[in-house]
Amino acid sequence: MKQFTHRFFTNVFLLIFFLITLLTFLSCDDEEGKSHPSPSIRVLDSQEFVSGDTTIAPGDKFTVAIQAEYNGYDRLTNFIAKLNDERYLDLGIYVKSYYKEIEITKGLESVDNWEFIIRDIEGNYANTFLTINKDENIEYSEIDEFADIQMGAQNNTGYGSFLSLKDGTVYNLEEAYNNSAIIDIVSYYDDFDKLDKWTIASPGANIGDEPFPGEYAISNWTTINTTRYSPSPLDISTDDFDAAHNDSLLIAHSFAFESGKRKAKDLAPGDIYSFVRGGRTGMFKVISTTGENSGTIILDIKIQKLN
Amino acid sequence: MIYRKFIYTLLFYLIIPSFAFAQVVLQGVVTDSETRQPLIGANIVIKELNRGISTNNQGQFQFENVRPGTYTLRVTFVGYHNEKLKIDLTEDQKHIVIQMNPSSIEMEKVMITATRTERKIEDLAGQNEIIEKEEVEEFPTTNSDDILQSIANVNVNRSWGIFSKNASVTMRGLDAAQGVLILYNGVPLNKTAGGSINWHMISPDRIERIEVIKGPSSALYGNNAMGGVINIITKKSDNQFSGDLRAFGGSYSTLGSKFNVEGNEKIKGNNFYWGLTGFYRQGDGYIIEPKTNRDSTDVEVYLKENRVGATMGYEFNDQNKIEVEYSYYDDKRGDGKQVYLDDGGFVKYTTHFVRAKYDGQIGDYKLQANGYLQNEHYNQFNEKINRDGNYKMSDRNQISRDYGLRMNATRKYGKKNWLTFGIDLKQGYMDASDIFYTSTDTLMREGKVQSYAAFLQDEQRLFNDKLKIIAGLRFDYARFYDGSIYVAEPTANTGFDENVDKDYGNSNWTALSPKLSLQYEIIPEVKSYLSASTGFMPPKMDDLISSRKISKGFKKANPELQPQSLTNYEIGFNTKPFNKAQFRSAAYYSLGKDFQYFVATGNYVDGQTELTRENIAAIEIYGAEFFFQYDFTKDLTLKANYTYNSSTITDFDVEDYYGDDLTGKMLVEVPWHQAFAGIFWRNKIVNTTITANYIGESYADDQNILMIDDYLTVDIRLYKTIKRNIFIALDIQNIFDKVYIDKKQRLSPGRFILLELAYKF
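For the protein sequence lines, the chains are Z and D, in the order given.
Per the working numbering, the first sequence starts with residue 1, numbered consecutively.
Per the working numbering, the second sequence starts with residue 308, numbered consecutively.
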């Protein structure tokens, strides 16, 4: 009886072995998804927004409002704004309905061809277009210029690490804590996180408390401002930078705030970055870097004046 | 797919009625020959009937319904010499007393991996170790790689515990990029795509033993054996029918169950054995982000996994047998981030594994052939808010497929000379795609590697077996081909400037790996050895074909990469200084060349430094390891080991590139000091294991700026078998709740408790 029972289990094993293998070999691929219609997108028409082709002067700001809807099945995952076929804004989303106001500064090109694209998770997309012509009656605006701004890394006791673009004043940590509403730029030497070395960022750049710890740490500030930077050094010469005394060069290198980076990293003398802070476009040039986390960095800064 | 075309062996069905004959009872007791104490859990097998049993708490056993006749009993128990005795069973009830002689656990063990033939570990030059299944059961183990931490100079990095998607195992001063060859019943698990192993595929309950060879072993095993070789050998059932059902639960809402069923019977007079195993585990996990860095998107790293496997074998006679195995593994592990989707970001593996093995003897040649196929589908789904505050969602799917054939033959020439030779053939394939839902990027890449190798080894014993010489040589040739990359509508997410549709040119590499070792027996209790060996690590497919963004910048593929190589010189002593004690020591010096590192090309991609992997560095490693074991009694053992490693980059040829010169820097994640100590106590009340593992400081980055702190963890295992069928175990890993931060600035889980209940039949 015991021998029979044992052979029964052997047979059961063999059957299971066969079935497992058979099922694996015959397992079906996932079905292809059924095709769904495309999402929809439109430019909203309102007094406060630009909704149709128009003419605007360089440096002038205008707002475009976009409304997109999903197809009833697949969520919207990507909104793209292209200017003359170059990506101006590229955002990740996960929504059924999407509303976006885009504040744009008119550049130097004669014609700006805008394309606004909405994509869903299945890759279906819809787009709409807008043309902005340049008003040839140009009058560029004045800029603030701050030369030889000396800032310290986090352990520097002689020079502060916190700059206000209101007047180019540099503050130490305690002073910045007490004046957080006007602090726009932070300098430090990254030898503790991603090892990005000399870095220019801002209070809202998620630096963490490690470089500036304690009672006056940024996480304890009342106001935390964010400045965003171009993704890489600009391809312009230091002579061109030095020769700019109105905002034409700044406008030419402006970018959508959300598409900018929170930090300009691994800085070296001669690097020129553009930045956007509070609706104003600016640029900085690295004059020199000295030392590491107790060292100093010297910058020239130019920024559109406050209106 | 190829595995779909794999031919399944025919099923064996025999329906033979069993007839009742006159039956007798065979009973007895197994005792220690010195102390006369009963041995609990000793295994007794009636060879001719393929029936097995274990002794109870009084050391007693009883076979019922045995036909009268002459039988061979085989008795085994850890810590004792195996016993074999013939008995004549008449129609009377038979009672026998079996006395077993204690043995030194380590030195009597036999291993295959070191020479591809069966050899006593004490006869092998080198610091080789074996972990038997009884030792696996004694160890607090939640994953198969846990037990490797007890081995000197083996570093297991599994910083999130069971929630880690995998573990990296390194040896002797090498970092995770220069791996160890992992064999599973003699077939390689290292994937051509990235060299990594999915340790979760291997069930610790199925382990018969683990054989560890430390030091470069490419003379026999070729690629990936630069640090050493670990061979995991699974059980083959000796019992007619047995198994167990288990349930467990513990920290972080971990729950699971497993079963093992195995059997053994005669078919056409020959032995047929089989085994079926299943496993399921889930857990809610914990948050891996340190509290100071957490935001609303940080969630627990959950897990859900299952595994099934089946093995069967047929022994044509004492010398010829075949074995086949199939296993399936599937898991899903959260990555700790969740923004919009219910499951958040996760990593998922689905793996099919098939192997077939033949062991045989034809004339004077002992043969072994292994065929294998491993097909892994890796899916990594990411959703997160990046550092610039933008939402990103992407999906990576990667198919890695490796299949091959390994064959070797051994022949004895004269009385003391063995020649082993063989071939290894392997095909590796990778096909990967990255789809970005929150941008227009599409990135695809694929490639293949074929490798061929032949090896030869001669083993000679001289001067009355006092001197043992092993010389080996292996030639490897590998060809990379059909590599390609396709990029469509790229953005800053992938970092490409424009569409790409490119085929890589073919490339190839060769490696010649010699080895020479000498072991001399000074006195029977003291053996010394010298060895010189080489190992190499081929380029990973991912580095050959994948251009993409990584945390350090933008990685550019380099299809011209060549293997890394290491030459090791070693001296050691293995001794039995006094009764019941063992002491082993070794000192080694290694020189590595063509080690791969990322270097900057001088270009920037979307503000990120463009990097490429190049064979650029020479390294120097020196170190020492010490192992001590003392058996207070057969039930109480102390083990301890200590290792020291210094691994330095001695040359960094950065002349044609940009970036830091790393000459003089130390390798990353290689602790200078490591130590292990463990007490293993088997007793009638509750079996107890206490282990302590110390991992010293190491550098976290190539520039040697950031340090990973040292830490000490203490684990406890309490386990007991009740009434032969019920088993209960309590594991407390990291009892003092030491939380440490890993290289990626993530938290370890701290104390982990697991309670397991099993029914054995």
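Ideal Cβ placement from N, Cα and C applies to all residues, glycine included.
Model, not experiment: these values are computed from the prediction.
Query raised in the report: Run through DSSP, which three-state label would His507/D get?
Result: Three-state result, His507/D: helix.
Query raised in the report: By how many angstroms is the C-alpha of Gly696/D removed from the C-alpha of Thr604/D?
Result: 12 Å
Query raised in the report: On the premise that Glu877/D lies in contact with Gly522/D, defined as a C-beta separation below 8 Å, what is that separation, rounded to the nearest angstrom?
Result: With 8 Å as the limit, Gly522/D and Glu877/D qualify as a contact, their Cβ atoms being about 6 Å apart.
**Report entry** Nearest-angstrom Cα separation, counted from Lys401/D out to Lys713/D
**Finding:** The sequence as given places Arg at residue 713/D; Lys does not occur at that position. Cα to Cα, the separation comes out at about 47 Å.
Requested in this report: Answer with yes or no whether the minimum CB distance from Ser325/Z to chain D is below 7 Å.
Outcome: What is shown of chain Z runs 1 to 307, which leaves residue 325/Z out entirely.
Query raised in the report: Which ranges would you report for the alpha helix (DSSP H) in the stretch 137-183 of chain Z if only whole runs of at least 4 residues count?
Result: 173-178
Requested in this report: May I have a chain-ordered list of the alpha helix (DSSP H) segments no shorter than 4 residues that lie completely inside the stretch 672-722 of chain D?
Outcome: none
Report task. Would you decide whether Ser27/Z is buried or exposed? Buried here means 16 or more other CB atoms lie within 10 Å of its CB. Result -> Because Ser27/Z carries a pLDDT of 48, less than 50, the predicted location of this residue cannot be relied on, and no value is offered for it.
Query raised in the report: Does the beta carbon of Ser549/D come closer than 7 Å to any beta carbon on chain Z?
Result: False, the Cβ-Cβ gap to chain Z never drops below 7 Å.
Report task. Keeping to the same chain, check which residues put their C-beta closer than 7 Å to that of Tyr698/D; ignore five residues upstream and five downstream. Result -> Counting only Cβ-Cβ distances below 7 Å, and skipping sequence neighbours, we find Val646, Ile692, Thr745.
Query raised in the report: Ile353/D CB to nearest chain Z CB: under 7 Å?
Result: no
Query raised in the report: Do the stretch 52-62 of chain Z and the stretch 701-721 of chain D touch if we need at least three Cβ pairs shorter than 8 Å?
Result: no
Query raised in the report: On the three-pair Cβ rule with 8 Å, is the stretch 137-144 of chain Z touching the stretch 260-279 of chain Z?
Result: no
Query - Any 3 or more C-beta pairs closer than 8 Å across the stretch 938-947 of chain D and the stretch 1001-1014 of chain D - result: no
Query - At least three beta-carbon pairs within less than 8 Å, the stretch 629-642 of chain D to the stretch 654-673 of chain D - result: yes
Query raised in the report: When you check each C-beta in the stretch 1015-1041 of chain D against every C-beta of chain Z, which residues fall closer than 9 Å?
Result: none
Requested in this report: Tell me whether Pro1056/D is buried or exposed, calling it buried when 16 or more other Cβ atoms sit within 10 Å of its Cβ.
Outcome: Burial call: buried.
Query raised in the report: Would you call the CB atoms of Ala778/D and Ile730/D closer than 7 Å?
Result: no
Query - Closer than 7 Å at the beta carbon, the chain Z residues around Tyr911/D - result: Going along chain Z in sequence order, the residues near Tyr911/D (Cβ under 7 Å) are Ser232.
Query raised in the report: Where does Met619/D sit, in a helix, a strand or coil, going by DSSP?
Result: strand
Requested in this report: Over the uninterrupted beta strand (DSSP E) stretch that includes Lys955/D, give me the two end residues.
Outcome: Here residue 955/D turns out to be Thr, not Lys, going by the sequence shown. Run containing Thr955/D: 943-959, per the beta strand (DSSP E) assignment.
Query raised in the report: Terminal residues of the continuous beta strand (DSSP E) containing Met848/D?
Result: Looking at the DSSP string, Met848/D is not in any beta strand (DSSP E); the run it does join, the alpha helix (DSSP H), is 848-852.
Query raised in the report: What distance in whole Å lies between the Cβ atoms of Arg1053/D and Trp1078/D, which are believed to be in contact at a cut-off of 8 Å?
Result: Nothing can be reported for residue 1078/D, as the shown portion of chain D is limited to 308 through 1068.
Query raised in the report: Going by alpha carbons, who is nearest to Arg786/D out of Gly754/D, Lys809/D, Phe770/D?
Result: Gly754/D
Query raised in the report: Glu445/D lies in the alpha helix (DSSP H); which residues open and close that run?
Result: 440-445
**Report entry** Residues bridged to Glu115/Z (per DSSP)
**Finding:** Lys82/Z, Phe129/Z
Report task. Taking Phe241/Z as part of the beta strand (DSSP E), name the residues at either end of that continuous run. Result -> Not the beta strand (DSSP E): Phe241/Z falls in the alpha helix (DSSP H), residues 238-243.
Query raised in the report: Could one say the Cβ of Asn473/D lies closer than 7 Å to chain Z's Cβ atoms, at least one of them?
Result: no
Query raised in the report: Once you ignore the five residues that flank Tyr528/D on each side, which residues in its own chain have a CB closer than 6 Å to its CB?
Result: These residues qualify, in order along the chain: Leu488, Val536.
Report task. Rounded to whole angstroms, what's the CA-CA distance from Arg358/D to Val331/D? Just pull it up for me. Result -> 15 Å
Report task. Determine the DSSP secondary structure at Asp452/D, reduced to helix, strand or coil. Result -> helix
**Report entry** From Val519/D, Asp804/D, Thr1020/D, residue whose alpha carbon lies closest to that of Lys856/D
**Finding:** Asp804/D
Query raised in the report: Going by beta carbon distance, what residues of the same chain come within less than 6 Å of Met1/Z, once the five residues before and after it are set aside?
Result: Caution applies to Met1/Z, whose pLDDT of 42 falls short of 50 and renders its modelled position unreliable; the value that the coordinates give is listed next. None.
Requested in this report: Give the DSSP-derived three-state secondary structure of Tyr216/Z in the structure shown.
Outcome: Secondary structure at Tyr216/Z: coil, using DSSP grouped into helix, strand and coil.
Query raised in the report: If you follow the beta strand (DSSP E) that Tyr827/D is part of, which residue opens it and which one closes it?
Result: 814-830
Query raised in the report: Sorted by chain position, which residues of the same chain lie with C-beta nearer than 6 Å to Gln334/D's C-beta, five sequence neighbours on each side aside?
Result: Gln369, His402
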